[in-house]
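Participant:
Structure, rendered in structure tokens:
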């Protein structure tokens, strides 16, 4: 009986292909880390700006009035 599919011997990837693939993965990961790092810094700056505004509003309105406004915002 004739075999339709003959098993092919397992050929490992050449070292140059493996090195190129790993280098590409490293480059992509480095780009992603840089992007996430810049997003994190942006969010930290936004948070600090928001916190600064909150402190200024709180000092202008007073502690009790600020807490009342916060409580009202949760009820809406």
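In our numbering, the protein residues as written are 291 to 366. Note that the Cβ used here is the ideal one computed from N, Cα and C, for glycine as well. On a predicted model such as this, the values are computed, not experimentally measured, just so you know.
#1: DSSP on residue 352, reduced to helix/strand/coil?
#2: Counting only the same chain and skipping the five closest in sequence on each side, list residues whose C-beta sits under 6 angstroms from that of residue 338.
#3: According to the Cβ coordinates, are residue 348 and residue 356 closer than 8 angstroms?
#4: I'd like the list of long-range same chain contacts for residue 326, defined as Cβ closer than 6 angstroms, with 5 residues on each side in sequence excluded.
Facilitator: Let's see:
#1: Here the question's residue 352 lines up with position 62 in the chain shown. Residue 352 carries a coil assignment under DSSP once its states are collapsed to helix, strand and coil.
#2: Along the chain shown, read from residue 1 onward, the residue named residue 338 stands at position 48. The answer is none, since no qualifying residue turns up.
#3: Stepping through the chain shown from its first residue, residue 348 is reached at position 58. Stepping through the chain shown from its first residue, residue 356 is reached at position 66. For residue 348 and residue 356, yes; Cβs fall inside 8 angstroms.
#4: As a working mapping, residue 326 is identified with position 36 in the chain shown. In its chain, beyond the 5 residues on either side, no residue has a beta carbon closer than 6 angstroms to the beta carbon of residue 326.
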